[in-house]
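Accompanying notes for the structure given below.
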Amino acid sequence: MKKIVNKRVEAIDLARGVGVFFIPMAHALLIYGSSYTQEESWLGLVVHFFGKWAGVFLIAMGFSYTLSRNNSIKNSFRRGVILLLLGYLMNFLKFIIPLVLGAFPDSFIHAYNWEVPIGFDKMVYLVLTGDILQLGGACLLFMGIVHKYAKNKKNIVLFIAIIVLFATEYIRGIRVGFPILDYISDLLWGKEWNIYFPVFPWFVYILVGMFFGYYFHENNMQKTFKKMFIFGIITFTIGGILCLYDYEFHMKDYFHTGFGGVIYLLGCNLLALYLASILTKKAKNNKIKNFFFYCSRKITSIYIVQWILICWSMGAIGYHDKGINMSLLLMTLFTLGTFLGQKVIDLIRNKGKGLLVKYLKEY
3 MKKIVNKRVE
13 AIDLARGVGV
23 FFIPMAHALL
33 IYGSSYTQEE
43 SWLGLVVHFF
53 GKWAGVFLIA
63 MGFSYTLSRN
73 NSIKNSFRRG
83 VILLLLGYLM
93 NFLKFIIPLV
103 LGAFPDSFIH
113 AYNWEVPIGF
123 DKMVYLVLTG
133 DILQLGGACL
143 LFMGIVHKYA
153 KNKKNIVLFI
163 AIIVLFATEY
173 IRGIRVGFPI
183 LDYISDLLWG
193 KEWNIYFPVF
203 PWFVYILVGM
213 FFGYYFHENN
223 MQKTFKKMFI
233 FGIITFTIGG
243 ILCLYDYEFH
253 MKDYFHTGFG
263 GVIYLLGCNL
273 LALYLASILT
283 KKAKNNKIKN
293 FFFYCSRKIT
303 SIYIVQWILI
313 CWSMGAIGYH
323 DKGINMSLLL
333 MTLFTLGTFL
343 GQKVIDLIRN
353 KGKGLLVKYL
363 KEY
């Protein structure tokens, strides 16, 4: 395996950054748009068509992981635990604080088929909701092991991905009847709405990303993205045919897709990454490109900020009842608010670092 001098791959960063930019828009529509706006209007169709971007983040995560120096089992486990804790902290901030302050509309509570006021058990349910941060953290617990034993045998990683893909249909939803173990089971292969991103089958995207990362170690960038394009065309075609054959099974539930849906979305996301590689070569460095690279670097922080802003605003704006024009306005405002909030966080961090440096110099 050859040594990689450049630890950043711009095409990966660009694709991830573009996806990050659109996250506040997609989630603002999800929370505030009416059923008609989300499911039948042109706005909902456009957002849903371009909103299947989670796979890009996960493929990029797997790819970037192989280029990192901090991918030992110990470091991966530590990073996984931290990301899991961040996910639960985000849930506490976006759900529990506005609940305690009475800033959630009753319509949001009723959407869960709960009555107002909700009890402590319902609050625990909200805090333990499995989002993409929990998925990333849980997968990191396994990635170090996979990397240790398969980094020089990339085809093994692809084989593991295939096992995860098809095993999902046999283990999905299995529980043992003990609450703590049931929750862990849900994180791994759940089918209910307490976990939006179970490890099975979403780990497939990360493993495929690791496969291409290892391939990149052995080949140049052009060959890597060419192979990604070929792989993307094949999976897009096979997955698309399967979804057309049985849409209800393979694709109806985006968060708990059948294997055909995973294959189809994998193809879509690989083709998006290939397109990003073309754009990276064609486009010169400019403010727009650098902005998307910034989004890529700040992905976790931006994700947390946008969810907190969106959820904290429900008390004033409402829930799931806005038409197209109001949804567009809110999507724009929350995008601006998210990046303004991120800039404030950056300023606080930089000021804190400056004070620390000054303190160390003085003492």
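Numbering (this note's numbering), first residue to last: 3 to 365.
C-beta atoms are modelled at their ideal positions from N, C-alpha and C, and glycine is treated no differently.
Note that the coordinates shown come from a computational prediction; the quantities given were computed from them, not determined experimentally.
Length-filtered (4 minimum) alpha helix (DSSP H) runs lying within the region 102-189: 108-113, 122-129, 134-152, 156-173
Beta-carbon spacing of A163, V210 below 8 Å: yes
Contact between the region 228-235 and the region 264-279 (3+ Cβ pairs under 8 Å): yes
DSSP beta-bridge partners of I350: The partner list for I350 (beta bridge, DSSP) is empty, contrary to what the question assumes.
Proximity to R177 [Cα-Cα], best of I120, E194, F168: E194
Counterpart residues of G381 in DSSP-defined beta bridges: Here the chain has residues from 3 to 365 only, and residue 381 is not among them.
Contact under 8 Å by Cβ, C313 with I304: no
CA nearest to the CA of L342, picked from V20, Y67, P26, K96: P26
Straight-line gap, A13 to T282 (C-alpha atoms, nearest Å): 6 Å
Touch test, the region 212-223 against the region 181-197, Cβ-Cβ under 8 Å, three pairs minimum: no
Where the alpha helix (DSSP H) through E194 begins and ends: Premise fails: E194 is in no alpha helix (DSSP H) and is neither H nor E.
Through-space distance from A62 to M223, alpha-carbon basis: 14 Å
Cβ pair count under 8 Å reaching 3, the region 312-332 against the region 144-160: no
Distance, T302 Cα to F65 Cα: 17 Å
DSSP state of V260 mapped onto helix, strand, coil: Just to set this straight, residue 260 is Gly in the shown sequence, not Val. In the structure shown, G260 sits in coil (DSSP, three-state: anything other than H, G, I, E or B).
Residue environment, H252, which counts as buried when at least 16 other CB atoms sit within 10 Å: buried
Proximity to P200 [Cα-Cα], best of F336, F218, R174: R174
Segment limits, alpha helix (DSSP H) that includes L95: Note, L95: premise wrong, no alpha helix (DSSP H); not H, not E.
Reduced DSSP secondary structure (H/G/I, E/B, other) of G53: coil
contact_flag[the region 116-126, the region 180-190] where n(CB pairs < 8 Å) is 3 or more: no
Beta-carbon proximity check, F294 vs Y266, cutoff 8 Å: no
Neighbourhood of G82 by C-beta, 6 Å cutoff - its chain only, sequence neighbours within 5 removed: G139, L142, L143
Within 8 Å, strictly: CB atoms of L69 and I208: no
Same chain only: Cβ atoms within 7 Å of Y361, ignoring 5 sequence neighbours per side: Caution applies to Y361, whose pLDDT of 44 falls short of 50 and renders its modelled position unreliable; the model cannot decide the point.
Residue from G260, S43, F227 whose Cα sits closest to the Cα of Y172: G260
L331 classed as buried or exposed, judged by whether at least 16 other C-beta atoms fall within 10 angstroms: exposed
Anticipated Cβ contact below 8 Å, V129 with N93, distance rounded: 5 Å
Secondary structure, alpha helix (DSSP H): runs of 4+ residues fully inside the region 199-236: 201-220
Same chain only: Cβ atoms within 6 Å of I310, ignoring 5 sequence neighbours per side: L95, K96
Cβ-Cβ separation, F202 to V166 (assumed contact under 8 Å), whole Å: 6 Å
Assumed close pair N73, H149 - CB separation to whole angstroms, cut-off 8 Å: 5 Å
Limits of the alpha helix (DSSP H) - the one that V307 falls within: 301-314
Rounded Cβ spacing between F23 and F52 (contact assumed at less than 8 Å): About 11 Å separates the two Cβ atoms, so there is no contact after all.
F257 and A30 closer than 8 Å at C-beta: no
Burial state of A17 (16 or more Cβ within 10 Å): buried
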